[in-house]
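Scroll down for the structure; my scribbles are underneath it.
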Amino acid sequence: MTDIIVLSDPRVAAVPLDDCAEPLVDIRDTPELLLDGRLADGPGAYALTRSGVLDRLLRAQRRLPAGTRFLVVEGYRPPGLQRVYFEEYSATLRAAHPEASPARIQELASAYVSPPEVAPHVSGGAIDLTLCTADGTELPLGTEVNATPQESANACRTAAPNIDATARAHREVMWRALTSAGFVNYPTEWWHWSYGDRYWALLSGQRAARYGPVELPDGTGASAEPA
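Residue numbering for the sequence shown follows the working numbering, starting at 8 and increasing by one per position.
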């Protein structure tokens with residue numbers, strides 16, 4: 008997996024931003040999609056995504072095999088929360104690798120948690136999701152959603168060789184459906200897909216990102232203007 012572009016790569020930050028000002032919308036208002044509550048927050052930010060992402064997610068779900076659905080775990084993430092996640096994981100890595108340089112810690116952390124300045128989730132363009140049956144029973148994908156590289160022996164990587172045939176087949180189902188709707192995957196996390204953000208723009212050869220960071224007024228509500 009030597010060709011993985013991590014989010015700390017300078018090429019990601021260098022992508023221009025031309026925000027199209029699409030609003031954030033609430034996935035809970037779309038009964039066709041299932042939303043998991045494991046990362047639910049008081050303001051409901053986890054249930055938000057850009058309107059164009061929601062449209063593409065519905066398009067992708069229609070291409071899943073009969074009896075299979077997406078189970079969305081997290082969409083939008085406020086910038087402040089993203090910073091907390093990144094700093095906490097960086098601290099864990101510094102404790103485990105005291106000899107590592109700051110640049111190396113940044114690189115290692117970016118394989119699992121996006122640097123706040125380029126994080127897809129803060130743009131409303133990223134979705135963490137898995138597959139489930141029609142009644143919401145999760146299907147095996149090889150690891151839990153949000154499994155770290157350390158605890159999963161890197162099985163969290165989308166193309167990881169150390170998963171069984173059933174998990175591999177389910178990941179391929181997700182890949183076909185989501186890429187056909189225009190999403191790109193972050194290769195170190197099988198569950199993370201995005202559209203419109205800087206990472207998507209770089210991988211898909213776009214001139215600029217469509218979505219930049221979004222701040223919610225007072226941390227609440229689904230209506231916000233891109234920052």
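C-beta: ideal position from N, C-alpha, C; glycine also.
{"Asked": "Thr99 in three-state terms, based on DSSP", "Found": "helix"}
{"Asked": "CB of Arg63 within 9 Å of CB of Cys139, strictly", "Found": "no"}
{"Asked": "Exposure label - Ser201; buried when at least 16 CB within 10 Å", "Found": "buried"}
{"Asked": "Outcome for Gln157 when other beta-carbon atoms lying within 10 angstroms are tallied against a minimum of 16", "Found": "exposed"}
{"Asked": "Segments of 4+ residues assigned as alpha helix (DSSP H) that fall wholly inside the segment 78 to 156", "Found": "86 to 103 and 109 to 117"}
{"Asked": "Which residues DSSP lists as bridging Leu24, in chain order", "Found": "Ala216"}
{"Asked": "Through-space distance from Ala141 to Tyr265, alpha-carbon basis", "Found": "With the chain represented from 8 up to 234, any question about residue 265 goes unanswered, as that position is not in the structure."}
{"Asked": "Delimiting residues of the alpha helix (DSSP H) encompassing Leu210", "Found": "Arg205 to Ser211"}
{"Asked": "DSSP three-state assignment for Gly226, whether helix, strand or coil", "Found": "Confidence at Gly226 is low in this model, with a pLDDT of 44, below 50, so the placement of that residue is unreliable and no value is reported for it."}
{"Asked": "Same chain only: Cβ atoms within 7 Å of Met181, ignoring 5 sequence neighbours per side", "Found": "Leu138"}
{"Asked": "Proximity to Leu41 [Cα-Cα], best of Val80, Leu148 and His177", "Found": "Val80"}
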